[in-house]
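What follows is a set of notes on a single structure, which appears directly below.
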Amino acid sequence: MSSLQLNLDAPENDATLFVDVALPIPIPQLYTYRVPAEFEELAKTGIRCIVQFGRQKVVTGVIMKVHHKAPEIYTAKPLLDIMDAEPVLTETQIKFMQWLAKYYMATFGEVLNAALPSGLKLSSESRIQLHPDNDWNDSDYPFDDKELILLNALESNDSLTYREAADALELKSAYKYIKSLVQKEVIIIYEELKEKYKPKKVKKIRLVAELTTNSEDLEAVFQALEKKPKQTDILLKYLQEVPVYQKPELNEFGIEKSVFTDAGFSTSSLNTLIKNNILEAFEVVVSRFDEVSSQTLKTINLSERQEQAKAEILAQFEEKSTVLLHGVTGSGKTEIYIQLIKEVVDSGQQALYLLPEIAITAQIVNRLKAVFGDRMGVFHSKFSDNERVEVWQGLLDGRFDFIIGVRSAIFLPFAQLGLIVVDEEHENSYKQFDPAPRYHARDAALVLGHFHHAKTILGSATPSIESFTNAKQDKYGLVTIAERFHNAGLPEIKIADIVEEKKKKKAFGDFTSVLINELRQVLERKEQAIIFQNRRGYSSYVNCDDCGYIPTCHRCDVSLTYHQYKNQVICHYCGHKEMVLVTCPACGSTNIRTVGIGTEKIEEELKLLLPEAKIQRMDLETTRSKYAYQNIIHDFEKGEIDILVGTQMVSKGLDFDKVSLVGVFDIDRMIHFPDFRSQERTFQLVTQVSGRAGRREKKGTVVIQTRNPDLRILEWIWAHDYHTFYKAEMEERNSYNYPPFTRMIHLLVRSKDKQNTHIAAGKLANMLKEDIGGKRVLGPQEPIISKIRDKYLMDIFLKIEKKYNIEFVKERIENAKLELLKDKELKTVEIIPDVDPS
Numbered sequence: 131m132s133s134l135q136l137n138l139d140a141p142e143n144d145a146t147l148f149v150d151v152a153l154p155i156p157i158p159q160l161y162t163y164r165v166p167a168e169f170e171e172l173a174k175t176g177i178r179c180i181v182q183f184g185r186q187k188v189v190t191g192v193i194m195k196v197h198h199k200a201p202e203i204y205t206a207k208p209l210l211d212i213m214d215a216e217p218v219l220t221e222t223q224i225k226f227m228q229w230l231a232k233y234y235m236a237t238f239g240e241v242l243n244a245a246l247p248s249g250l251k252l253s254s255e256s257r258i259q260l261h262p263d264n265d266w267n268d269s270d271y272p273f274d275d276k277e278l279i280l281l282n283a284l285e286s287n288d289s290l291t292y293r294e295a296a297d298a299l300e301l302k303s304a305y306k307y308i309k310s311l312v313q314k315e316v317i318i319i320y321e322e323l324k325e326k327y328k329p330k331k332v333k334k335i336r337l338v339a340e341l342t343t344n345s346e347d348l349e350a351v352f353q354a355l356e357k358k359p360k361q362t363d364i365l366l367k368y369l370q371e372v373p374v375y376q377k378p379e380l381n382e383f384g385i386e387k388s389v390f391t392d393a394g395f396s397t398s399s400l401n402t403l404i405k406n407n408i409l410e411a412f413e414v415v416v417s418r419f420d421e422v423s424s425q426t427l428k429t430i431n432l433s434e435r436q437e438q439a440k441a442e443i444l445a446q447f448e449e450k451s452t453v454l455l456h457g458v459t460g461s462g463k464t465e466i467y468i469q470l471i472k473e474v475v476d477s478g479q480q481a482l483y484l485l486p487e488i489a490i491t492a493q494i495v496n497r498l499k500a501v502f503g504d505r506m507g508v509f510h511s512k513f514s515d516n517e518r519v520e521v522w523q524g525l526l527d528g529r530f531d532f533i534i535g536v537r538s539a540i541f542l543p544f545a546q547l548g549l550i551v552v553d554e555e556h557e558n559s560y561k562q563f564d565p566a567p568r569y570h571a572r573d574a575a576l577v578l579g580h581f582h583h584a585k586t587i588l589g590s591a592t593p594s595i596e597s598f599t600n601a602k603q604d605k606y607g608l609v610t611i612a613e614r615f616h617n618a619g620l621p622e623i624k625i626a627d628i629v630e631e632k633k634k635k636k637a638f639g640d641f642t643s644v645l646i647n648e649l650r651q652v653l654e655r656k657e658q659a660i661i662f663q664n665r666r667g668y669s670s671y672v673n674c675d676d677c678g679y680i681p682t683c684h685r686c687d688v689s690l691t692y693h694q695y696k697n698q699v700i701c702h703y704c705g706h707k708e709m710v711l712v713t714c715p716a717c718g719s720t721n722i723r724t725v726g727i728g729t730e731k732i733e734e735e736l737k738l739l740l741p742e743a744k745i746q747r748m749d750l751e752t753t754r755s756k757y758a759y760q761n762i763i764h765d766f767e768k769g770e771i772d773i774l775v776g777t778q779m780v781s782k783g784l785d786f787d788k789v790s791l792v793g794v795f796d797i798d799r800m801i802h803f804p805d806f807r808s809q810e811r812t813f814q815l816v817t818q819v820s821g822r823a824g825r826r827e828k829k830g831t832v833v834i835q836t837r838n839p840d841l842r843i844l845e846w847i848w849a850h851d852y853h854t855f856y857k858a859e860m861e862e863r864n865s866y867n868y869p870p871f872t873r874m875i876h877l878l879v880r881s882k883d884k885q886n887t888h889i890a891a892g893k894l895a896n897m898l899k900e901d902i903g904g905k906r907v908l909g910p911q912e913p914i915i916s917k918i919r920d921k922y923l924m925d926i927f928l929k930i931e932k933k934y935n936i937e938f939v940k941e942r943i944e945n946a947k948l949e950l951l952k953d954k955e956l957k958t959v960e961i962i963p964d965v966d967p968s
């Protein structure tokens with residue numbers, strides 16, 4: 131750790147070495163720095179470095195190019211430090227990230243920021259020290275008592291943090307006095323830089339080496355400790371754990387200190403043995419991941435149909451780099467993936483298994499660990515910074531040759547990637563929305579595979595329209611499994627008309643009698659059920675029955691969602707919270723009620739209707755902690771939960787033996803959502819959640835509640851008919867020029883000034899219409915939610931024919947953005963491109 135001392139005046143000559151550095155900030159170009167002589171041999175592509183950007187900002191950069199050409203329009207600042215002995219980014223990684231930035235219209239810095247785990251970036255801490263050039267004892271300024279205490283503390287210490295300064299003054303904050311002393315020029319503030327990643331270390335104990343070679347010396351130690359039974363017990367415990375005379379080489383490894391402390395031995399006596407040079411303490415770096423013995427690893431045995439599908443995939447790989455595996459839910463796709471991954475890993479290559487949600491990884495990781503053991507790394511956002519860095523380093527060091535993870539795993543430093551599996555490839559969770567780069571991990575994985583000359587499998591029971599079209603057009607290979615594993619039957623689907631039931635007074639509130647009766651039968655059979663509702667919270671909003679007032683977010687153009695367990699209304703866009711109103715602020719009425727129903731309310735009502743049932747909710751609110759997913763899934767697997775109520779996360783890839791019923795609480799809201807993909811998403815989501823019912827020899831039941839049972843999509847879902855759905859959806863997309871017949875780019879225009887947002891959106895749309903044609907530009911228009919986090923929004927959509935030059939379109943967008951920002955009034959307006967919006 132050191133403060134930064136810059137030497138900006140070193141001379142430059144033809145032999146001077148320079149580096150182009152990528153910075154993890156949204157600037158469009160690399161920045162050139164001069165390499166001081168002491169770093170010349172260390173400067174390599176892919177190495178992290180510390181650089182100054184601007185007057186005060188110090189950031190972690192990555193060296194992209196080493197050369198001798200000085201920048202023409204600015205003086206190159208020196209590199210401040212080199213952080214690595216070997217590159218942390220590979221050449222293939224850098225090429226992939228450059229492609230990602232170009233295709234998704236992001237800066238390389240934004241991609242770098244998304245790619246690097248935060249543990250590989252620097253953190254900085256402000257510190258204060260005495261001014262090296264001004265002695266405070268000779269100062270003409272008067273100092274009060276607190277300032278003198280602080281100055282004397284700095285005399286005794288080289289430097290202090292803000293927290294240490296406050297402690298010295300016995301105050302909550304020392305900022306007032308620090309500011310005063312800076313103005314009096316007797317102290318200075320500087321940034322101390324440090325890496326965030328810290329390896330996990332375990333404290334261990336061993337016998338000093340001299341005592342392992344001569345039994346007489348050890349006997350003398352025991353005689354000396356004859357009247358010290360606590361110390362003698364500790365020494366005997368060590369010799370019991372480590373037989374140093376039979377196997378003296380084991381002493382080097384020692385045993386963990388916790389062996390003594392957990393067994394209740396005296397810490398004071400242990401420290402005395404260390405102090406008297408009988409035992410010694412040392413630390414070792416260990417993995418943060420549980421190790422699996424190779425003797426416990428399992429093998430996967432495929433059924434005849436699975437073996438056939440695997441052979442078909444391998445045959446398709448002879449000609450095509452990508453294969454779509456279209457297998458119905460419960461057909462055993464995961465076992466096929468595992469077998470193919472094992473063959474790739476055994477051949478000395480690496481494999482990447484992508485999943486759309488952490489919820490799925492919670493259940494599948496244990497199955498994979500049993501097969502791959504310590505060769506497998508897990509990478510997702512619930513892991514700590516240190517854990518993610520260990521996976522990154524594990525790939526670089528060759529410890530891992532198989533990674534399972536969510537979308538950000540595509541950024542990891544693979545060296546010999548041979549196979550990529552994108553499971554549930556249709557899932558919207560693979561799309562990154564904010565911040566940039568707004569990439570789609572499935573599509574990016576195909577390009578990653580191309581860079582590595584790897585094969586890619588896309589798997590789904592309900593493939594995306596785009597992927598299935600590519601397979602139909604022979605761009606991808608296609609392998610189909612039409613039956614479930616061991617010929618288990620597909621679930622029986624029942625359509626329950628909530629409107630009709632309410633007319634006949636058969637409904638139980640918002641539950642049809644069909645669903646409640648099925649739930650009762652499940653409980654009688656001691657089986658399990660899943661209730662799916664794609665809306666979290668207790669209810670949609672709170673409403674005054676007398677005047678119609680609805681509480682809305684003051685920062686976003688949305689109503690606040692009611693959460694009963696917190697007794698709050700919450701904005702799901704910015705997180706703003708308010709306590710629930712007792713009286714209406716508009717009319718003073720106390721006649722306030724909740725409208726709509728979310729997972730929280732479903733859970734509560736089911737507990738009233740089925741008091742004997744053990745009910746658990748799984749949504750964003752109940753799964754915020756690191757192991758919440760695993761704990762809920764574990765309890766469900768053990769049978770400690772009868773009915774699991776959840777949002778989308780219960781639909782994805784989970785496999786439970788005892789689930790015989792799935793209830794879809796409200797399908798209409800999904801079907802009628804204003805999005806051209808709403809029919810596709812509804813079919814996929816309901817099919818996926820239906821697949822949780824009836825595995826192996828049991829045939830499950832699915833109850834779908836609706837207000838309109840005559841909709842065509844319900845017929846396709848009921849018949850498990852993906853092909854008819856696909857044909858109808860393609861006809862609809864073709865009629866309105868939607869993907870896959872066109873490519874789309876969404877431009878979001880936003881600022882805190884509503885008028886400026888509208889003016890900028892209008893000008894931008896007009897420029898683009900002139901450049902690429904009016905028929906290709908839709909808008910501008912206000913989105914359904916026109917204000918989020920105090921910023922007003924406008925949408926522009928571009929529909930580009932497949933044959934039209936998309937690179938030209940992106941270039942025109944960038945030019946139009948630059949032209950627009952020349953207007954001083956519009957300088958604060960943001961224009962955010964989203965290529966291939968989902």
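Here the sequence shown stands for residues 131 to 968, where the numbers follow the numbering used here. Heads up, the beta-carbon is just placed ideally off N, CA and C, and yes, glycines get one too.
Discussion item. If you follow the alpha helix (DSSP H) that H580 is in, where does it begin and where does it stop?
Written reply: Looking at the DSSP string, the run of the alpha helix (DSSP H) that includes H580 is 571 to 582.
Item to complete: Please name the residue, chosen from I258, I364, Q361, that lies closest to K309 on a Cα-to-Cα basis.
Response: For K309, the closest of I258, I364, Q361 by C-alpha to C-alpha distance is I258.
Worksheet entry | Anticipated Cβ contact below 8 Å, S248 with D564, distance rounded | Going by Cβ atoms, the distance from S248 to D564 rounds to 17 Å, so no, they are not a contact pair.
Worksheet item: Taking just the CA atoms, how far does I317 sit from K917?
Response: Straight-line Cα distance between these residues: approximately 46 Å.
Worksheet entry | One or two residues paired with R747 in a DSSP bridge | Paired residue(s): V775.
Worksheet item: Can you tell me where the alpha helix (DSSP H) with H888 in it begins and where it stops?
Response: Membership of H888 in the alpha helix (DSSP H) is indicated by the continuous run 884 to 902.
Fill in: T391 CB to nearest heavy atom of the ligand SAH below 7 Å
Within the structure as shown, the ligand SAH is missing, as the structure has no ligands at all.
Discussion item. Using a 10 Å radius around the Cβ and a threshold of 16 neighbouring Cβ atoms, would you call V241 buried or exposed?
Written reply: Buried, because 16 or more other Cβ atoms sit within 10 Å of the Cβ of V241.
Practice prompt. Under 8 Å by Cβ, that's how I've got W846 and T854 pegged, so tell me the actual separation to the nearest angstrom.
Written response: Contact between W846 and T854 holds: CB atoms are separated by about 6 Å, below the 8 Å threshold.
Worksheet entry | Residues sharing a beta bridge with C674, DSSP | According to DSSP, which records beta bridges pairwise, C674 is partnered with I722.
Worksheet item: Should V959 go down as buried or exposed, given a rule of 16 or more other Cβ atoms within 10 Å for buried?
Response: Counting Cβ neighbours within 10 Å, V959 comes out buried, since at least 16 surround it.
Worksheet item: Quick one: complete beta strand (DSSP E) runs, 3+ long, within the region 936 to 968?
Response: Taking only runs of at least 3 residues, the beta strand (DSSP E) segments lying wholly in the region 936 to 968 are 960 to 965.
Practice prompt. Please go through the same chain and pick out, in chain order, the residues whose beta-carbon is closer than 6 Å to the beta-carbon of Q425, but skip the five residues on each side of it.
Written response: Residue placement at Q425 cannot be trusted, given a pLDDT of 47 that sits under 50; what the coordinates show is reported in the next sentence. Counting only Cβ-Cβ distances below 6 Å, and skipping sequence neighbours, we find nothing.
Worksheet item: Counting pairs of Cβ atoms below 8 Å between the region 924 to 932 and the region 898 to 916, do you hit three or more?
Response: Cβ pair count under 8 Å is three or more, so yes.
Worksheet item: In terms of DSSP beta bridges, what is Y483 paired with?
Response: According to DSSP, which records beta bridges pairwise, Y483 is partnered with I534, V551.
Fill in: Neighbourhood of A411 by C-beta distance below 8 Å, restricted to the same chain and skipping five residues each side
Cβ within range, chain order: K333, K334, I335, K387, I404.
Discussion item. Extract the residue ranges of the alpha helix (DSSP H) inside the region 498 to 532, only unbroken runs of 4 or more that lie entirely within it.
Written reply: The region 498 to 532 contains these whole alpha helix (DSSP H) runs: 515 to 527.
Discussion item. Can you tell me which residues form a DSSP beta bridge with A411?
Written reply: DSSP output for A411 lists I335 as bridge partner(s).
Practice prompt. Confirm, please, whether the CB-CB distance from Q479 to G548 is below 8 Å.
Written response: Yes, they are a contact pair.
Item to complete: Can you check DSSP and say which residues form a bridge with L908?
Response: Answer is F927.
Worksheet item: With a cut-off of 8 Å, do at least 3 Cβ pairs link the region 218 to 233 to the region 261 to 277?
Response: No contact exists between the region 218 to 233 and the region 261 to 277.
Worksheet item: Which whole-angstrom value describes the C-beta separation of K788 and G776, a residue pair presumed to lie in contact below a C-beta threshold of 8 Å?
Response: No, K788 and G776 are not in contact; Cβ-Cβ is about 16 Å, not under 8 Å.
Worksheet item: How would you write the range of the beta strand (DSSP E) that L588 sits in, first residue to last?
Response: 585 to 590 is the extent of the beta strand (DSSP E) around L588.
Discussion item. So, with DSSP's three-state summary, where would you put H764?
Written reply: It is helical.
Worksheet item: Given I625, which residues of its chain have a CB within under 7 Å of its CB, disregarding the five upstream and five downstream residues?
Response: Around I625: I834, T836, P839, L844, W848.
Discussion item. So, at 8 Å on beta carbons, what are the nonlocal neighbours of S345 in its own chain, with the 5 sequence-adjacent residues on each side left out?
Written reply: These residues qualify, in order along the chain: Y375.
Worksheet item: Is P621 helix, strand or coil when you go by DSSP?
Response: Three-state DSSP puts P621 in coil, outside helix and strand.
Discussion item. Taking the straight line between their C-alpha atoms, what separation do you get for H197 and Q523?
Written reply: So the two alpha carbons sit approximately 28 Å from each other.
Item to complete: Pick helix, strand or coil for R435, following the three-state DSSP scheme.
Response: Here R435 sits in helix by DSSP.
Item to complete: Identify, in the order they occur along the chain, each residue of the same chain with its Cβ nearer than 7 Å to the Cβ of T812, setting aside the five sequence neighbours on each side.
Response: Here the set comprises I797, M800, I801, I843.
Item to complete: List the endpoints of the continuous beta strand (DSSP E) containing I700.
Response: In the DSSP assignment, I700 falls within the beta strand (DSSP E) that extends over 698 to 700.
Item to complete: Rounded to whole angstroms, what's the CA-CA distance from Q814 to R435? Just pull it up for me.
Response: Each residue's Cα considered, the two are about 24 Å apart.
Worksheet item: Excluding five sequence neighbours on each side, which residues of the same chain lie with their C-beta closer than 6 Å to the C-beta of F502?
Response: Non-local beta-carbon contacts of F502 in its own chain, meaning distances under 6 Å to residues more than five positions away in sequence, involve F532 in chain order.
Fill in: Cα-Cα separation between K157 and L484, rounded to whole angstroms
One detail in the question is off: residue 157 reads as Ile in this sequence, not Lys. Looking at the two C-alpha atoms, the distance is approximately 30 Å.
Practice prompt. May I ask you to report which of helix, strand or coil DSSP gives T205?
Written response: Under the three-state reduction of DSSP, T205 is assigned to coil, being neither helix nor strand.
Worksheet entry | Own chain partners of F395 with C-beta closer than 8 Å, once the 5 adjacent residues on each side are dropped | Correct list, in chain order: K360, D363, I364, K367.
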